[in-house]
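S.K.: Chains Z and D, in that order, are what the protein sequence lines are.
According to our numbering, the first sequence is numbered sequentially starting from 2.
According to our numbering, the second sequence is numbered sequentially starting from 24.
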Amino acid sequence: VSVATATRRVGVIDWVGSTDHKRIGVRVATYAFGFFLLSGVFALFMRAELARPGLQVMSEDTYNELFTMHGSGMFFLVLAPLALALGVYLVPLQIGATDLAFPRLALIGDWLIPLGGATMFAGFATDHGAAKAGWTAFAPLSDIDHSPGYGMDLWIFGGLLATAGVMLLAICVLTTVIRFRAPGMTMLRLPVFTWSMVVTCLLVIASFPALIAALSLLFVDRHFSGVFESPGGPVAYQHLFWFYGHPVVYVIFFPFIGAVGEVVAVFSRRRFFGYHALVLSLLVFAALSMSVWAHHMFATGRVTNQYFSLTSTILLVPAGVEYFDLIGTMIGGSILLSSAMLFAIGFVLLFLIGGLTGVIVASPPLDYHVHDTFFVVGHFHYTVFAGSLFGFFAAVYYWWPKVTGRLLREGLGKLHFALYFVGANLTFFPMFISGWEGMPRRVADYRDIHNLSLTNLLSTIGAFTIAVGTLVFLWNVWVSSRRPVLAGNDPWEGQTLEWWTTSPPPRHNFDSLPKVKSYSPLYDRRMGEA
Amino acid sequence: VGRGLAIADTRSQFGDLFSVYEWLTIVVMAIVFGLVLFAVVRYRRRDDEYPRGQDKRTVLESVYALLLAAVAITLVTFTFRTEDKVDAVASSGGLRVNIVAFQWQWRFSYPDSGKVVLGTTEHPPTLVLPVDTTVRFDGVSRDVIHSFWIPAARFKRDEFPKRHTQFDLSFDRTGTYIGRCAEFCGLHHTDMDFFVRVVPRDDFERWAGS
């Protein structure tokens, strides 16, 4: 109780400037969640416009701003920061460290992200409005002639700042794992989530500089000389962008499959099944994912389609291994369907749809038809929403008691899950049909043929169902903080070190540590093996 | 607008290849959904005991990984075969059509007959083509990247500024189909539609001569 009281007395300076990795993690997650709500509201406006054929809610110009800022917000300011926020908070706790490496660097990274967000969204206050060239900002659409105004420049600087921030956080997390592990915590005893953060950070460090380069060159192109003006320029920009733009989707996938792995193990009362295979598959996944970027460019006719088709399709091997391990953990377990577990199972089921449609778009002759259509919009929302965000909420319901010392309400959590599960399928499944039947992405309007008005109406109803689910979650947070139920150190019978210490953990994280003889030290103790 | 008519070779190639992927998708989904449902029902928590079981099945998992690799290689093999046909460009003959895409309209021209079709905001352009004829398209953009997409042909190709893109299509059924710009190209991207009207060869000759 005394710890819970202490957390309530956090001063403003401490809240803004603390270098405690736990504060940094919560801070990044909090404003990333704020950007999630904002970018989500943009999506609701877009779905309202698309509910019926014709333009009813907004102009094409506004629509173009909204989908650009929705995509940019979700990638630059929501999903990548949320992924790193989990890592910054949890990795030191999972490996028995007292703090994060380079805490001041992490503090800078922390504040660069909302600064980038504010810069990007400030575009709405300029004469020409916010950026409206899509989150990919392909040249030459994003050059000064076709995208005049400061909105585009603010978008570039916002993207640069937020990307730099995420890179700094990744450097801190990776260094922490390499340098600060507790005695006995070898690399092959890292918890599943921490391993997923290791590969995430490797990908961030390897691929994010390509975006820094692309955006910087785009700024030079706009104001000094036409970097991308040559005949090969537009394709060169796409290579640079996707060299970041594909790995980033794994950056926002690995941490959540890692979190889901922990949740599935704990709520199945089993050690994670096939640990070594998982570690290997994550490393293979990360390595392969650096060599698939041009599968976004099949329809350009200007890349070696067969090479990128091969590398992209082979990804199903490590992904299949991860599914084997997740389901293998459940089979033979003792499964409790808590809110966290429901979101984890939702992740397993719905990400599969994103993954399998990913195998389809990895085939150039099939991609020729569905590329740049709502089919692809459906595909990647099954991966980033029904996948990553479901994984994020599994993590939220699982680790909330550790972070706050209080339990979220299980009933509201299950209602949240039900609304999200129904809403996600209702929103994103009809998109496969919309795209297949001829609806390109990034359009404010469509002709009322091939039942497009029906599939679009269903998607709109689904989007608002998701919005209601989000409100239920916020209500859950509110209720649980107004009428707190204390969680204790280890409400779920956790298997990893963060459940050894108090909830929330003290500034120095641990007063003592148990012996670490495997990737699940608390499970070992419970089973009398330590 | 003709729906459900098999018009183009690209369409049937797409259909054959997609059916392979479609079956795989259905089978994998059935297996995974079935296993998860089985696990949740069969292994739901009934008591306070901790189950004892193996933490890994390395041999089984290795065999499974090899099986996955075999599936991937099979899929890629089918894909490569189809792509060779879809991307094939005829060595000679056929009708030539030049595409010029620009914000936010299409211009189709026929160098053999001198015909030019230019769309307006009120009237999207109609690309008239003869049935059962190889058509050699040469596309270029005047400003940003556009993408020439005919959903019924299951085919699209990007049009770049300062660089020409060539591809062949042939249509084996008459009918009228919608075409769209698939690459986001700025303010009125939404409105950049066109029509494709495939007509008997005689009708095409008459139209081209008019």
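For glycine and all other residues, C-beta sits at the position ideal for the given N, C-alpha and C.
Candidates Z/P506, Z/P505, Z/L498, Z/G227: which alpha carbon is nearest Z/G97's?
M.R.: Numbered from its first residue, the first sequence carries residue 97 of chain Z at position 96. The shortest Cα separation from Z/G97 among Z/P506, Z/P505, Z/L498, Z/G227 belongs to Z/L498.
S.K.: Tell me, please, whether the stretch 473 to 484 of chain Z touches the stretch 47 to 55 of chain Z by the rule of three or more beta-carbon pairs shorter than 8 Å.
M.R.: no
S.K.: Does the beta carbon of Z/G529 come closer than 8 Å to any beta carbon on chain D?
M.R.: Taking the first sequence and counting its residues from 1, one reaches residue 529 of chain Z at position 528. Not one chain D Cβ lies under 8 Å of Z/G529.
S.K.: Pick from D/H212, D/P147, D/P148: whose alpha carbon is nearest that of Z/A445?
M.R.: For the purposes of this step, residue 445 of chain Z is taken as the residue at position 444 of the first sequence. Comparing Cα positions, the closest option is D/H212.
S.K.: Would you mind stating whether D/F160 and D/Q189 have Cβ atoms separated by less than 8 Å?
M.R.: Residue numbering aside, residue 160 of chain D sits at position 137 when the second sequence is read from its first letter. Residue numbering aside, residue 189 of chain D sits at position 166 when the second sequence is read from its first letter. In contact: D/F160 and D/Q189 (Cβ atoms closer than 8 Å).
S.K.: Roughly how many whole angstroms lie between the Cα atoms of D/K138 and D/A175?
M.R.: Taking the first residue of the second sequence as position 1, residue 138 of chain D is located at position 115. Taking the first residue of the second sequence as position 1, residue 175 of chain D is located at position 152. Their backbone Cα atoms lie some 24 Å apart in a straight line.
S.K.: Scan the stretch 206 to 228 of chain D for residues whose Cβ lies nearer than 8 Å to a Cβ of chain Z and list them as they occur along the chain.
M.R.: E206, F207, C208, G209, L210, H211, H212, T213, D214, D216
S.K.: Are Z/T195 and Z/V92 close, meaning C-beta to C-beta below 8 Å?
M.R.: As a working note, residue 195 of chain Z is residue 194 in the first sequence. As a working note, residue 92 of chain Z is residue 91 in the first sequence. Going by C-beta atoms, Z/T195 is nearer than 8 Å to Z/V92.
S.K.: Do the stretch 316 to 335 of chain Z and the stretch 398 to 412 of chain Z touch if we need at least three Cβ pairs shorter than 8 Å?
M.R.: no
S.K.: Starting from the C-beta of D/S136, find all residues in its chain whose C-beta is less than 8 Å away, skip the five residues before and the five after it, and write them out in chain order.
M.R.: Along the second sequence, read from residue 1 onward, the residue named residue 136 of chain D stands at position 113. A231, G232, listed in sequence order.
S.K.: Taking CB distances under 8 Å as the criterion, tell me whether D/P184 reaches chain Z.
M.R.: By one-based count along the second sequence, residue 184 of chain D stands at place 161. By this cut-off, D/P184 is an interface position.
S.K.: So what's D/D161 in DSSP terms, helix, strand or just coil?
M.R.: Mapped onto the second sequence, residue 161 of chain D falls at position 138. Correct three-state label for D/D161: strand.
S.K.: If you draw a straight line from the alpha carbon of D/G25 to that of D/F194, how long is it in whole angstroms?
M.R.: Position 2 of the second sequence, counted from the first residue, corresponds to residue 25 of chain D. Position 171 of the second sequence, counted from the first residue, corresponds to residue 194 of chain D. Annotation note: pLDDT 32 at D/G25 (below 50); position unreliable, coordinate value reported separately. Roughly 13 Å separates the two Cα atoms.
S.K.: DSSP three-state call for D/E182: helix, strand or coil?
M.R.: Within the second sequence, residue 182 of chain D is the residue found at index 159, counting from 1. DSSP places D/E182 in strand when its eight states are reduced to three.
S.K.: Consult DSSP for D/R65 and reduce its assignment to one of helix, strand or coil.
M.R.: Here residue 65 of chain D refers to the residue found at position 42 of the second sequence. Helix.
S.K.: With distances taken between CB atoms, is the gap from Z/Y32 to Z/R272 smaller than 8 Å?
M.R.: What you label residue 32 of chain Z is simply residue 31 of the first sequence in a count that begins at 1. What you label residue 272 of chain Z is simply residue 271 of the first sequence in a count that begins at 1. Cβ distance not < 8 Å, so Z/Y32 and Z/R272 don't count as in contact.
S.K.: Please decide whether D/L40 counts as near chain Z, where near means a Cβ-Cβ distance under 8 Å.
M.R.: Within the second sequence, numbered from 1, the residue matching residue 40 of chain D stands at position 17. Chain Z, which has a Cβ nearer than 8 Å to the Cβ of D/L40, makes this yes.
S.K.: Quick check on D/A111: does DSSP put it in helix, strand or coil?
M.R.: By one-based count along the second sequence, residue 111 of chain D stands at place 88. D/A111 falls in the coil class under three-state DSSP.
S.K.: Using C-beta distances below 6 Å, list every residue in its chain close to Z/G130, excluding the 5 sequence neighbours before and after it, in chain order.
M.R.: In the first sequence, residue 130 of chain Z corresponds to position 129, counting from 1. So the list reads E66, G152, once near-sequence residues are dropped.
S.K.: Does DSSP put D/I173 in a helix, in a strand, or in coil?
M.R.: For the purposes of this step, residue 173 of chain D is taken as residue 150 along the second sequence, with counting starting at 1. Correct three-state label for D/I173: strand.
S.K.: Using DSSP's beta-bridge definition, name the partner residues of D/V221.
M.R.: In the second sequence, residue 221 of chain D corresponds to position 198, counting from 1. D/V221 pairs with D/L152, D/G198.
S.K.: Locate the beta strand (DSSP E) running through D/S132, then write down its first and last residues.
M.R.: What you label residue 132 of chain D is simply residue 109 of the second sequence in a count that begins at 1. Note, D/S132: beta strand (DSSP E), 128 to 133.
S.K.: With H, G and I counted as helix, E and B as strand and the rest as coil, what does DSSP make of Z/T374?
M.R.: Counting from 1 along the first sequence, the entry for residue 374 of chain Z is found at position 373. Of the three classes helix, strand and coil, the one that applies to Z/T374 here is strand, per DSSP.
S.K.: Along the stretch 380 to 405 of chain Z, where does the CB come closer than 7 Å to a CB of chain D? Name the residues.
M.R.: none
S.K.: Pull up the CB-CB distance for Z/A363 and Z/T301, whole angstroms please, since I reckon it's below 8 Å.
M.R.: Taking the first residue of the first sequence as position 1, residue 363 of chain Z is located at position 362. Taking the first residue of the first sequence as position 1, residue 301 of chain Z is located at position 300. At roughly 16 Å, the Cβ-Cβ gap does not stay under 8 Å, so Z/A363 and Z/T301 are not in contact.
S.K.: I'd like the list of long-range same chain contacts for D/L152, defined as Cβ closer than 8 Å, with 5 residues on each side in sequence excluded.
M.R.: The residue you call residue 152 of chain D lines up with position 129 of the second sequence. Cβ within range, chain order: L118, V120, V158, F194, V219, R220, V221, V222, F227.
S.K.: Check for me: the beta strand (DSSP E) holding Z/K23 runs from which residue to which?
M.R.: Taking the first sequence and counting its residues from 1, one reaches residue 23 of chain Z at position 22. Looking at the DSSP string, Z/K23 is not in any beta strand (DSSP E); the run it does join, the alpha helix (DSSP H), is 22 to 51.
S.K.: Write down the C-beta distance between Z/V89 and Z/H22 rounded to the nearest angstrom, noting that I regard them as a contact closer than 8 Å.
M.R.: To locate residue 89 of chain Z, count along the first sequence from 1; it is residue 88. To locate residue 22 of chain Z, count along the first sequence from 1; it is residue 21. Separation of the CB atoms of Z/V89 and Z/H22 is rounded to 5 Å, and the pair is thereby assigned contact status at 8 Å.
S.K.: Between which two residues does the beta strand (DSSP E) holding D/A124 run?
M.R.: Residue numbering aside, residue 124 of chain D sits at position 101 when the second sequence is read from its first letter. Per DSSP, D/A124 belongs to the beta strand (DSSP E) from 118 to 125.
S.K.: Residues in its own chain within less than 6 Å of Z/V385 by CB, not counting five upstream and five downstream?
M.R.: For the purposes of this step, residue 385 of chain Z is taken as the residue at position 384 of the first sequence. Same-chain partners within the cutoff: there are none.
S.K.: Whole alpha helix (DSSP H) runs in the stretch 386 to 467 of chain Z with 4 or more residues, listed along the chain?
M.R.: 391 to 405, 411 to 437
S.K.: Distance check for Z/L83 and Z/L175, CA to CA, integer angstroms please.
M.R.: Start at 1 with the first residue of the first sequence, and residue 175 of chain Z comes out as number 174. Start at 1 with the first residue of the first sequence, and residue 83 of chain Z comes out as number 82. Taking the straight line from one Cα to the other gives about 16 Å.
S.K.: Let me check one thing: in DSSP terms, what residues is Z/K133 bridge-paired to?
M.R.: Here residue 133 of chain Z is taken as the residue at index 132 of the first sequence, counted from 1. BP columns for Z/K133 are empty, so no partner.
S.K.: Using a Cβ-Cβ cutoff of 8 Å, what residues of the stretch 40 to 56 of chain D are near chain Z? List them in chain order.
M.R.: L40, F41, Y44, L47, T48, V51, M52, V55, F56
S.K.: What in chain Z is Cβ-close to D/V120, meaning under 7 Å?
M.R.: For the purposes of this step, residue 120 of chain D is taken as the residue at position 97 of the second sequence. Within 7 Å Cβ-Cβ: nothing; D/V120 doesn't reach chain Z, min ~17 Å.
S.K.: For Z/F348, report the span of its alpha helix (DSSP H) as first-last.
M.R.: Translated into the one-based positions of the first sequence, residue 348 of chain Z becomes position 347. Segment 340 to 362, the alpha helix (DSSP H) holding Z/F348.
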